[in-house]
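A.B. asks: With positions in the sequence shown counted from 1, the corresponding number in the numbering used here is that position plus 382. My questions will all concern the structure given below.
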Amino acid sequence: MGGFRFDHGFSEFDEDRCVDVAIIDKKTHDHYCRWYLDPGSPCDFEIVEQHTLEG
């Protein structure tokens, strides 16, 4: 398993813009998962299966 890397992450822009997308290997994917998701990591992200916005 690997993944994709977007050069601007999931940023949203007001204008149409092209971004670079690259395929990452399993080792890099695993590193990113540990960096963003492991308990005690410097990042405080959580993966959620569903999120509903009401407004």
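Note that CB positions come from ideal geometry on N, CA and C, so glycine has one too.
Assuming D389 and V401 make a contact with CB atoms under 8 Å, what is their CB distance in whole Å?
C.D. replies: Counted from its first residue, the sequence shown places residue 389 at position 7. Counted from its first residue, the sequence shown places residue 401 at position 19. 5 Å between Cβ atoms; contact.
A.B. asks: By Cβ distance below 8 Å, which residues in the same chain neighbour F386 in space, the five residues on each side in sequence not counted?
C.D. replies: Along the sequence shown, one-based indexing puts residue 386 at 4. Result list for F386: V403, A404, I405, I406, in chain order.
A.B. asks: In whole angstroms, give me the CA-to-CA distance for C415 and S423.
C.D. replies: Locating residue 415 in the sequence shown gives position 33, where the first residue counts as 1. Locating residue 423 in the sequence shown gives position 41, where the first residue counts as 1. Answer to the nearest angstrom: the Cα atoms are 10 Å apart.
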